[in-house]
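If you want the numbering used here, it's the 1-based position in the sequence shown plus 848.
Beta carbons are placed, not taken as given, at the ideal position from N, Cα and C, and that holds for glycine.
Here's the structure, in structure tokens; my notes come after.
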Amino acid sequence: WEDNASPARHQEMEIDRHMHLVFDLFVDPPQGFDPMAEKGTDKSGWKNMQKMTEEQLRAWHAAYGPKNEAFRKANLQGKELISWKYQRYIKNYLRCVKGVDENVGRLLDYLKEAGLDKNTVVFYSSDQGFYLGDHGWYDKRWMYEESLKMPLIVRWPGVTEPGSRNTDLVQNLDYAETFLDIANTEIPDDMQGRSLVPLLKGDTPQDWRKSIYYHYFEYPSVHMVARHNGVRTDRYKLMHYYQFDEWEFYDLDNDPDEISNEYGNPNYADEIAKLKAELKSLEQQYGDDTDMSVMPKEWRQKFRPNGAE
């Protein structure tokens, strides 16, 4: 990833270096462990465990206790430890997927049994994508495809054609407008999205958006992902790490994995100029008045290892 802007190299999202055994992988903490003393880590999973009932905790420890004990005894190092961390992580994720799938099925079964399935619109989505070892990472936050994209599956009996697919650019800020539209309720003028109802009926409006806007704000914070905003079209993506005055540009048709940053490539100069203009337009459209000035050098060095800029 040498072509990427420096923020992609100075983060705390790497499975080998940053994935926490207790908070991310649910290994039993050692005696005397103080979770509040652990700085710069996402403790949400651990906090959820503290909300478990005694019965839930017993089931949890019955499932994970023997595995955690075997891990402690193995005293893994180097590549063996990295492999173990990834396997624990991805299997936990897949178990979660299975649990979600089972419970979506329970919901759909209930709708059918209650005679509600023919007049109920079902949406399945998420709040963002997730890294499953892509680029050596876990978690989310970035504008790269793995975390930018999210699922959207809709069942609308008698309206949306089963098995149909749509490739128009939609965002989760469109959902509220869509629900209001389905309910034949007035959509307030100050809402920033658009109803997906025309798309769900198979009829894309001529003036449908040709680009989407993204902005990540939380820096310095957990995982140390630099603030950045950007614009994505059906083919191109432009990202701006404004505090570091660095840019990334990708041709998603030719480089879907976003390996080669083409920002300095003169062959793309015209497209980059167009996207910069589009980015400014979207900032104004959404009223984004964030201070996007460059961070002073001494502060950039403070937040980077060994004083790197």
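Continuous alpha helix (DSSP H) stretch holding residue i: start and end
i: F971; result: Careful: F971 lies outside any alpha helix (DSSP H), inside the beta strand (DSSP E) at V970 to S973.
i: I1030; result: Y1023 to I1030
i: R1152; result: Unbroken run through R1152: none, as it is neither H nor E.
i: L1183; result: Limits of the chain in this structure are 849 at one end and 1157 at the other, which puts residue 1183 out of reach.
i: N896; result: S892 to M897
Residue i, buried or exposed, once every other Cβ within 10 Å from all chains shown has been counted against 16
i: N1109; result: buried
i: V1045; result: buried
i: H803; result: Because the chain in this structure spans residues 849 to 1157, residue 803 falls outside the shown range and cannot be described.
i: H1088; result: buried
i: A1117; result: exposed
i: M1143; result: buried
i: W1095; result: buried
i: E1106; result: buried
i: W1056; result: exposed
i: I1001; result: exposed
i: S1012; result: exposed
i: L964; result: exposed
i: Y992; result: buried
i: G1112; result: exposed
i: Y1084; result: buried
i: N1102; result: exposed
N- and C-terminal bounds of the beta strand (DSSP E) containing residue i
i: L1000; result: L1000 to R1003
Cβ separation of residue i and residue j, assumed to be a contact under 8 Å, to the nearest whole Å
i: L1048; j: V1007; result: 6 Å
i: S974; j: P1010; result: Contact doesn't hold; Cβ gap of about 21 Å is too wide.
i: V952; j: N916; result: Wrong, their Cβ atoms sit about 30 Å apart, outside the cutoff.
i: Y1090; j: R1075; result: 7 Å
i: Q1019; j: Y1134; result: About 11 Å; that fails the 8 Å criterion.
i: F871; j: W894; result: 5 Å
i: L873; j: R936; result: 5 Å
i: I1030; j: V970; result: Contact flag wrong, Cβ pair sits at about 11 Å.
i: P1068; j: F1151; result: 5 Å
i: F1092; j: P855; result: 6 Å
i: T1052; j: D1016; result: 5 Å
i: D864; j: I930; result: 5 Å
Chain D within 8 Å of residue i, Cβ atoms only
i: A1024; result: Looking at the structure shown, chain D is missing, and only one protein chain is on hand.
Does the structure place the stretch 1016-1027 close enough to the stretch 977-984 that three or more beta carbon pairs sit under 8 Å? For the pair of segments examined, the stretch 977-984 was found not to touch the stretch 1016-1027: the number of CB pairs separated by less than 8 Å stays below three.
Beta strand (DSSP E) runs wholly inside the stretch 914-994, at least 3 long, in chain order: Given a length threshold of 3 residues, each whole run of the beta strand (DSSP E) inside the stretch 914-994 is given here in chain order: 970-973.
Give, in chain order, every unbroken run of the beta strand (DSSP E) that is at least 3 residues long and sits entirely within the stretch 1046-1103. List check, beta strand (DSSP E) in window: 1060-1064, 1076-1080, 1084-1089 and 1094-1099.
Check whether the stretch 1125-1132 and the stretch 1052-1071 touch, using three or more Cβ-Cβ pairs below 8 Å as the test. The stretch 1125-1132 makes contact with the stretch 1052-1071: 3 or more CB pairs, one atom from each, lie closer than 8 Å.
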